[in-house]
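Residue numbers (my numbering): 299 to 411.
Structure record follows, encoded as structure tokens.
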């Protein structure tokens, strides 16, 4: 599987803020021909949305449009979290994020998540 190769994971790294979303964005673009960033218009006032919602990506309609699609796929990469920055990958020590839609497909969470 090309998506779990060192080269792909290194080319599209994850961070505490993008949480595999960069990997998913490129997966959709390269393998499905879908520009995830075009699913909805960009939010004009992110600060106002952040102030209004505790977890904007899961509660604000402007954010949910994209995050409902990308977050479950991002969770599929959860075992490929860079542990040392040198190619050693594994699950995140703290477990998967609770402020993201759970890993799964078409609205169904993966077993055990």
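Ideal placement from N, C-alpha and C gives every residue a C-beta, glycine not left out.
Which one or two residues does DSSP pair with residue i in a beta bridge?
i: residue 387; result: 380
i: residue 406; result: 403
Helix, strand or coil for residue i? Go by DSSP, reduced to three states.
i: residue 392; result: coil
i: residue 310; result: coil
Who are the Cβ neighbours of residue i in its own chain at under 6 Å, not counting the five residues just before and after it?
i: residue 361; result: 354 and 355
i: residue 312; result: 318
i: residue 407; result: 400
i: residue 390; result: 379
Looking only at its own chain, which residues have a Cβ that is under 8 Å from the Cβ of residue i, when we skip the five neighbours before and after it?
i: residue 387; result: 307, 377, 378, 379, 380 and 381
i: residue 334; result: 322, 323, 326, 327, 364, 367 and 368
Who are the near neighbours of residue i in its chain, counting only those whose CB is closer than 7 Å to its CB and skipping five residues on each side?
i: residue 317; result: 372, 395 and 398
i: residue 301; result: 325
Please determine whether the Cβ atom of residue i lies at a distance below 7 Å from any heavy atom of the ligand COA.
i: residue 388; result: As far as ligands go, the structure on display features none, and thus does not contain the ligand COA.
Inset, instruction - Inspect the CB distances between the stretch 346 to 356 and the stretch 311 to 327 and report whether three or more fall short of 8 Å. - result: Between the stretch 346 to 356 and the stretch 311 to 327 there are fewer than three C-beta pairs closer than 8 Å, too few to call the two in contact.
Legend entry - alpha helix (DSSP H) segments (min. 4 residues) lying fully within the stretch 320 to 387: Fully enclosed alpha helix (DSSP H) runs of 4 or longer: 344 to 350, 354 to 357 and 359 to 372.
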